[in-house]
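For reference, the structure is listed below as structure tokens.
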Amino acid sequence: MEIPYTVTARPDTGLWNAKIGIWLFLASEVMLFGGLFSAYIFLRLDAEPGYWPHGLLNVPVGTFNTAILIASSVTVVLAWAALKMRQFARYKIYMGITILCGVIFLVVKLGYEWPQKYVHFGAYIKSSALEKYEPLLGNKHLLAEGLPPRVEITGHLHNHEALHDPKIKEYEIALDPVYTDPTNPKMDRPHFLYVPPTEKIGVVQKADVERATMFLPTHNTYFATYFTITGLHGLHVLAGVLVFTYFWLPVGSKLYRENPEHLANRVEVAGLFWHFVDLVWIFVFPLFYLL
Amino acid sequence: MDASSSVSTQHHHDAHSPAHGSGAAGDHHELPFWRKYIISTDHKVIGIQYGISGLIFLFFGFCLMMLMRWQLAFPGQRLPIVGKMIENVLGPGAMANGVMTPEFYNSLGAMHGTIMIFLGIVPVAFAAFGNFVVPLQIGAPDMTFPKINMASYQAFFVGGLIMLLSFFVPGGAAKGGWTSYTPLSDIADKGPTYHLIFNGQTLWLIAFILLITSSLLGAVNFIATIIQLRAKGMTWMRLPFFVWAQFVTAFLLLLAFPPLESAIVMQLMDRVAGTSFFLPSGLVVNGAAVSISGGGSPLLWQHLFWFLGHPEVYVLILPGMGIVAEILANNTRKPLWGYKSLVLSVLVLGFLSFIVWAHHMWLTGMGTAVSAFFQTTTMIISIPSVIILSAFFISLWGGSIRFTVPMLFATAFLPMFGIGGLTGIPLAFNTADLYLHDTYYVIAHFHYIVAPGTIFALFGGIYYWFPKATGRKMSDFWGKVHFWPSLICMNAIFLPMFLQGMLGMHRRWYDGGQGWNLAAEKVWGLSGFHWNTPISIAAWVMGLAQIPFIINFFWSIRHGEKVDDNPWEATTLEWTAPSPPPHGNFVAAPVVYRGPYEYSLPGRAKDYTMQTEPVQPNERKAPEPTMSLGH
Chain A
96 MEIPYTVTAR PDTGLWNAKI GIWLFLASEV MLFGGLFSAY IFLRLDAEPG
146 YWPHGLLNVP VGTFNTAILI ASSVTVVLAW AALKMRQFAR YKIYMGITIL
196 CGVIFLVVKL GYEWPQKYVH FGAYIKSSAL EKYEPLLGNK HLLAEGLPPR
246 VEITGHLHNH EALHDPKIKE YEIALDPVYT DPTNPKMDRP HFLYVPPTEK
296 IGVVQKADVE RATMFLPTHN TYFATYFTIT GLHGLHVLAG VLVFTYFWLP
346 VGSKLYRENP EHLANRVEVA GLFWHFVDLV WIFVFPLFYL L
Chain B
73 MDASSSVSTQ HHHDAHSPAH GSGAAGDHHE LPFWRKYIIS TDHKVIGIQY
123 GISGLIFLFF GFCLMMLMRW QLAFPGQRLP IVGKMIENVL GPGAMANGVM
173 TPEFYNSLGA MHGTIMIFLG IVPVAFAAFG NFVVPLQIGA PDMTFPKINM
223 ASYQAFFVGG LIMLLSFFVP GGAAKGGWTS YTPLSDIADK GPTYHLIFNG
273 QTLWLIAFIL LITSSLLGAV NFIATIIQLR AKGMTWMRLP FFVWAQFVTA
323 FLLLLAFPPL ESAIVMQLMD RVAGTSFFLP SGLVVNGAAV SISGGGSPLL
373 WQHLFWFLGH PEVYVLILPG MGIVAEILAN NTRKPLWGYK SLVLSVLVLG
423 FLSFIVWAHH MWLTGMGTAV SAFFQTTTMI ISIPSVIILS AFFISLWGGS
473 IRFTVPMLFA TAFLPMFGIG GLTGIPLAFN TADLYLHDTY YVIAHFHYIV
523 APGTIFALFG GIYYWFPKAT GRKMSDFWGK VHFWPSLICM NAIFLPMFLQ
573 GMLGMHRRWY DGGQGWNLAA EKVWGLSGFH WNTPISIAAW VMGLAQIPFI
623 INFFWSIRHG EKVDDNPWEA TTLEWTAPSP PPHGNFVAAP VVYRGPYEYS
673 LPGRAKDYTM QTEPVQPNER KAPEPTMSLG H
């Protein structure tokens, strides 16, 4: 028994089966990420003034990753076009570049951007103690400017043992630049270029701290959404890379010899998925890096 | 008799001997047992796998409820025999000296809802009937993606196993209700013995991810199949109504489930990674502030949950309506009344079901503007439902009805669904709902739709298509023995619940309302609390009433009366295939010439004309049936 229209289009719908399948799947994916993005909106609108952080992510690196993904979306189309023209060698090259781009994206995301967050530290100051840290926070200035207050002091934790040792009564933080000159708007976030923490150490008493952790999903709802959405997006990139690799390996060559149109169709379907993954990133990038 | 139906679908009866499965159209070699029945890619086998597992889950979920009914009728009393057995298996955390603990009661309630809806009705109504019947009705050899179809069942099966497994972990199965409202379910089980993964609520979430994956794979397959694999001549308006209902249902599953999946991922993050998606700032548990970042929103969970939850209601009912439509047309021996308006209604219903979800949340303080919007859309959605039900009632008009067993269930569906639907209207108004919210009134309302509504439709469908799946009929006598007690018990269970609800009895009370003044008030001679006893007895009797069905079902597979390919003298394509259909379904690809319900065409020797019968040159178009009294 043969299922019809696996390779050739059904005349009245103009579609072969997998193409309609992938579009339906992508519709469902839109709803999945839609649910997560609506959570982002909901939580951001719900956040108390000052509790939704800005400018904590590395914009140039994010821009680089955006460019990488867009480039890979182009090369996957070229790979498909090469198959349509029955130029298998060119297909191998373009598909190889696509896979490479996917891997680069993942390495940058998981190997560089995420770990950079694990070592960054933030301490939320109790509202009763905000006055005490005014020299670091500059809230009077912000109030006069009509801006939301700062309630968190961030940077690199100098005395790591303070996290676990109850005998240590204070956190020593190598401050992020904004806290060294809090009333200077030039120092304020977001910066386009990443600025590492300064040498200046700020001391924060544990007694004044409402909550202090590394920039992990537990730190606040911003990082919770950031890690969840980029994590799920990363899984999608990984899935795309695996599927492309499968088509790139001898399995693809074998299918090409048997039925080149079938391989072209498969690459087209996987490519549609890849464009979608790219598109999700186009939403992730401004929402988390820029806004 | 079907041999006369169409030249193109004639086939040899000897082609389908008892060793079915390998048919004329496909490969002739016998597949080993495990390939044929365990990891088959044949849509019919997958449909039957879904059907049998779904029925088992339905009965299991019903058993959970029968246990709860003891606690409600006789709170704090030892459950005879079964109580000791459960204590031996699940330990004193579930049954202390034969008395149900509150935690176990909560587990039973949550798992009853979850299992009935997601492991019982959806698999049977959508996956089982859809898989088995849809490709046959549209004249397709199989689903478009047979392997994905198999993966769908496997994901469902593993998800179901995990759900069952969760009864055995420390603390027992999930107890946050089938809605798993946060923040309660976020912090459930997080006691000193908390295991990150092996606790009821986390396993519930993991099982759900598998179930959602399964439904996604199924939904893509159904839609693609209906669009791509319709037989020659099977235009959209020649599709049986059942196919339309499944088509819309598939879209609901495709688009409504993913937001719940995102919510489930977030709740899983909350429980496993310590995030605060759904946990508000300043949360205090057992007198101590919880070490979380806070800033999350419990309301967010409710929105995402009900974004699935409401379309899910239509996922439960639409396949049932589709089954009833097929049975009604076949047994009234006349075309379904208002086919076009039915199709339009089901499409509108599907669309509107996405914008009514917040009517489950009147008491959350969303604000009057939001409530007014959702109240309006909820009112509007009743219109297509009423059109469908009215069309079904009118379809009975002037028919020469055959009261077969499927028809008994289908006719019972109509008033039962009507009661369920009409009693929903007070809940749709947020003023009335302030009082009725979370009472037994709500329980009665949605059970009227799902239990004597959908489940009766499913029973009807099983009796109706059983001959297609096996080549044998289920016993009429035992079918009636199954039907009448079930109908009586259903009403004995759920009608008094309306009274209890109007007395103000809360749906989650562990003691059946014994200690509450509201429940002491009398109505129709019994107090709200004392109504629990007759309800519980009716529930247990209904459990007994399913025994004839179970025996009839399994007995008839081998010993039922042998019938030919079209025992009901029906018109749709599945009855042109051999019974049971071989791999690949049809002996020759069917060609469709006419609509799905051409019964009692004037000037014909027989009162049904199959879709595969070519239109004669001088044939008149079938007249649209009217409501006129004189005929």
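For the record, the sequence lines run as chains A and B.
So for the first sequence, the working numbering puts the first residue at 96; every next one is plus one.
So for the second sequence, the working numbering puts the first residue at 73; every next one is plus one.
Beta carbons: idealized from backbone N, C-alpha and C, even for Gly.
Boundaries of the beta strand (DSSP E) in which residue i is found, first to last residue
i: glutamine 395 of chain A; result: The structure shown does not extend to residue 395 of chain A, since chain A is modelled only from 96 through 386, so no value can be given for it.
i: isoleucine 251 of chain A; result: Before going further, note that residue 251 of chain A is histidine rather than isoleucine in the sequence given. Per DSSP, histidine 251 of chain A belongs to the beta strand (DSSP E) from 247-252.
i: alanine 245 of chain B; result: Looking at the DSSP string, alanine 245 of chain B is not in any beta strand (DSSP E), and its letter there is neither H nor E.
i: alanine 269 of chain A; result: 265-270
i: glutamate 124 of chain A; result: Not the beta strand (DSSP E): glutamate 124 of chain A falls in the alpha helix (DSSP H), residues 112-141.
i: tyrosine 100 of chain A; result: Per DSSP, tyrosine 100 of chain A belongs to no beta strand (DSSP E) and is neither H nor E.
i: histidine 331 of chain A; result: Taken as a continuous stretch (DSSP letters only), histidine 331 of chain A belongs to no beta strand (DSSP E), being part of the alpha helix (DSSP H) at 316-343.
i: arginine 306 of chain A; result: 304-309
Pairwise C-alpha distance: residue j and residue i
i: alanine 200 of chain B; j: alanine 345 of chain B; result: 37 Å
i: glutamate 208 of chain A; j: glycine 439 of chain B; result: 40 Å
i: valine 171 of chain B; j: alanine 611 of chain B; result: 20 Å
i: leucine 311 of chain A; j: phenylalanine 159 of chain A; result: 23 Å
i: valine 387 of chain B; j: isoleucine 189 of chain B; result: 10 Å
i: phenylalanine 383 of chain A; j: arginine 245 of chain A; result: 19 Å
i: proline 370 of chain B; j: methionine 614 of chain B; result: 38 Å
i: glycine 597 of chain B; j: proline 568 of chain B; result: 12 Å
i: valine 379 of chain A; j: glycine 217 of chain A; result: 23 Å
i: lysine 262 of chain A; j: glycine 157 of chain A; result: 40 Å
i: tryptophan 603 of chain B; j: glutamate 159 of chain B; result: 28 Å
i: histidine 554 of chain B; j: proline 478 of chain B; result: 12 Å
i: asparagine 293 of chain B; j: isoleucine 459 of chain B; result: 29 Å
i: alanine 162 of chain A; j: valine 172 of chain A; result: 16 Å
i: serine 348 of chain B; j: isoleucine 364 of chain B; result: 7 Å
i: leucine 380 of chain B; j: valine 203 of chain A; result: 35 Å
i: threonine 313 of chain A; j: alanine 307 of chain A; result: 10 Å
i: proline 152 of chain B; j: arginine 343 of chain B; result: 37 Å
i: threonine 483 of chain B; j: glycine 584 of chain B; result: 33 Å
Where the alpha helix (DSSP H) through residue i begins and ends
i: alanine 592 of chain B; result: 589-592
i: alanine 218 of chain A; result: Premise fails: alanine 218 of chain A lies in the beta strand (DSSP E), 215-220, not in any alpha helix (DSSP H).
i: alanine 212 of chain B; result: Taken as a continuous stretch (DSSP letters only), alanine 212 of chain B belongs to no alpha helix (DSSP H), as it is neither H nor E.
i: methionine 338 of chain B; result: 313-340
i: alanine 677 of chain B; result: Premise fails: alanine 677 of chain B is in no alpha helix (DSSP H) and is neither H nor E.
i: asparagine 402 of chain B; result: 370-404
i: asparagine 160 of chain A; result: 154-179
i: alanine 296 of chain B; result: 272-300
i: asparagine 221 of chain B; result: 218-237
Legend entry - Unbroken stretches of the alpha helix (DSSP H), 4 residues or longer, contained in the stretch 493-553 of chain B: 497-500, 502-508, 512-521 and 528-542
Inset, instruction - Check distances from the C-beta atoms of the stretch 129-158 of chain A to those of chain B and list, in chain order, the residues that come in under 8 Å. - result: Gly129, Gly130, Leu131, Ser133, Ala134, Phe137, Leu138, Asp141, Ala142, Glu143 and Tyr146
Inset, instruction - Could you tell me whether the stretch 408-426 of chain B touches the stretch 447-457 of chain B, where touching means 3 or more Cβ pairs closer than 8 Å? - result: yes
Inset, instruction - Please determine if the stretch 162-178 of chain B and the stretch 235-254 of chain B are in contact, where contact requires at least 3 C-beta pairs separated by less than 8 Å. - result: yes
Inset, instruction - Would you list, in sequence order, the uninterrupted alpha helix (DSSP H) runs of no fewer than 4 residues that lie entirely inside the stretch 133-198 of chain B? - result: 154-162 and 174-186
Legend entry - Cβ contact check for the stretch 231-238 of chain B and the stretch 277-285 of chain B: 3 or more pairs under 8 Å: yes
Legend entry - Residues from the stretch 331-364 of chain B in contact with chain A, defined by Cβ distance under 7 Å: Pro331, Glu333, Ser334, Ala335, Val337, Met338, Met341, Ala345, Gly346, Thr347, Ser348 and Phe349
Inset, instruction - Would you list, in sequence order, the uninterrupted beta strand (DSSP E) runs of no fewer than 3 residues that lie entirely inside the stretch 613-656 of chain B? - result: none
Legend entry - Contacting positions in the stretch 210-221 of chain B - beta carbon closer than 9 Å to chain A: Ala212, Pro213, Asp214, Met215, Thr216, Phe217, Pro218 and Ile220
Legend entry - Segment contact, 8 Å Cβ cut-off, at least three pairs: the stretch 167-186 of chain B with the stretch 108-117 of chain B: no
Inset, instruction - May I ask you to list, following chain order, the residues of the stretch 360-394 of chain B that have a beta carbon less than 7 Å from some beta carbon of chain A? - result: Ser365, Gly367, Gly368, Ser369, Leu372 and Leu376
Inset, instruction - Answer yes if the stretch 351-366 of chain B comes into contact with the stretch 283-301 of chain B, meaning at least three C-beta pairs across the two stretches below 8 Å, and no otherwise. - result: no
Legend entry - Inter-stretch contact (C-beta, 8 Å, three-pair minimum) for the stretch 315-323 of chain A and the stretch 226-244 of chain A: no
Legend entry - Sufficient close CB pairs (3 or more, under 8 Å) joining the stretch 114-125 of chain B to the stretch 569-578 of chain B: no
Inset, instruction - Jot down the residue ranges of each uninterrupted alpha helix (DSSP H) in the stretch 416-492 of chain B, minimum 4 residues, whole runs only, in chain order. - result: 440-468
Inset, instruction - With 9 Å as the limit, tell me which residues of the stretch 291-315 of chain A have their beta carbon closer than that to any beta carbon of chain B; keep them in chain order. - result: Arg306, Thr308, Leu311, Pro312, Thr313, His314 and Asn315
Inset, instruction - Quick one: which residues of the stretch 650-670 of chain B get their C-beta closer than 7 Å to a C-beta of chain A? List them in chain order. - result: His655 and Gly656
Inset, instruction - Taking a Cβ distance cut-off of 7 Å, strictly less, list which residues of the stretch 348-373 of chain A are near chain B, in chain order. - result: none
Inset, instruction - Check whether the stretch 400-420 of chain B touches the stretch 465-479 of chain B, taking contact to mean three or more Cβ pairs, one atom from each stretch, closer than 8 Å. - result: yes
Inset, instruction - Taking 8 Å as the threshold, find out whether the stretch 264-280 of chain A comes into contact with the stretch 173-186 of chain A through three or more Cβ pairs. - result: no
Legend entry - Residues in the stretch 270-288 of chain B having any Cβ partner in chain A nearer than 7 Å: Leu288
Inset, instruction - Please name the residues in the stretch 233-252 of chain A whose beta-carbon is closer than 8 Å to at least one beta-carbon of chain B, in chain order. - result: none
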